[in-house]
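Sequential numbering from 950 applies to the sequence shown in the numbering used here.
Glycine included, every Cβ here is placed at the ideal spot set by N, Cα and C.
Data block below; observations after.
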Amino acid sequence: MRDPRTITASPWNANVVSHENEEKLRASIERNGFFKPILIRLLDGGGGPIAHECIGGWHRNEQAIELGMDEVPCINLGVISDEKAKEISLADNARYGIDDTLKLSELLSELNAGDLEAVLPWSQRDISAITASLSVDIDDLDIDQPTLDEDEDDGEDETPAPKLAKTHQTMRFRNGLNDAARISDLIKKTMSEQGFTKEDDLTNAGDALAFLLLKDDNDAAV
């Protein structure tokens, strides 16, 4: 643990955070605490006091100062070279994976997604695009047959109800956040303009998407 005021910034930090995301970062610290430590290294002061330089988490350190915190958790890597410090700094700021849209949508649906906008580096439009994305399996779905109510006559001569014919197939696809938001808006607009409102939301959206994609082919076939 160290006083954040005693930690100095590195002169080569390339990570820039907008004012809006600085506010979200501060709100996240207030809400969830300081759950990720600051990475620091020791610098030889040339005969003077040894300096503690931040190589990861400088923006969190700044917000800790703004919040009046006296201590922040730190990982001290000791004396390391500039080259190694820069490499670690890049690795700390990088993100190696991407989110699985379906799992991320399910995760957000379990939380108060609207409230998360205040502490996550996403806009409400980003969150809405994720949670509204169509993410369903393309495997064929068997339709359960109706069962007899306990109070109904269960005579021996009754024949099984015929299996309903399948008329639709669900599809799964993934788009970038910006494209997903634009596609979602376009589908909603097409649903309204073309009157795709009589079925369930998933079917209406699929009909609108099919209309948009197949419109030129249908016109050519006429």
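Per DSSP, the bridge partner or partners of residue i
| i | result |
| --- | --- |
| valine 1021 | Arg951 |
| glutamate 1002 | Thr957, Arg990 |
Within 8 Å, strictly: CB atoms of residue i and residue j
| i | j | result |
| --- | --- | --- |
| isoleucine 1079 | leucine 1057 | yes |
| glycine 1005 | aspartate 1041 | yes |
| threonine 957 | cysteine 1023 | no |
| proline 953 | isoleucine 1014 | yes |
| methionine 1140 | asparagine 1124 | no |
| leucine 1069 | lysine 973 | yes |
| histidine 1008 | valine 966 | yes |
| leucine 988 | leucine 1016 | no |
Where residue i sits in the DSSP three-state scheme
| i | result |
| --- | --- |
| alanine 1043 | coil |
| threonine 957 | strand |
| glycine 1125 | coil |
| glutamate 1055 | helix |
| threonine 1119 | coil |
| serine 1038 | helix |
| glutamate 1011 | helix |
| threonine 1152 | helix |
| serine 967 | coil |
| alanine 1157 | helix |
| asparagine 1061 | coil |
| threonine 1080 | helix |
| glutamate 1066 | coil |
| leucine 974 | helix |
| serine 1072 | coil |
| serine 1133 | helix |
| lysine 1147 | coil |
Whole-number beta carbon distance between residue j and residue i, since they are thought to touch under 8 Å
| i | j | result |
| --- | --- | --- |
| arginine 1177 | glutamine 1012 | With the chain represented from 950 up to 1171, any question about residue 1177 goes unanswered, as that position is not in the structure. |
| isoleucine 1136 | alanine 1159 | The pair is not a contact, with the Cβ atoms about 10 Å apart (cut-off 8 Å). |
| asparagine 970 | serine 1038 | Not quite, the Cβ-Cβ distance comes to about 19 Å (not below 8 Å), so this is no contact. |
| leucine 991 | valine 1028 | 5 Å |
| alanine 1130 | arginine 1044 | Rounded, the Cβ-Cβ distance is 21 Å, inconsistent with contact. |
| glycine 1155 | histidine 1117 | 7 Å |
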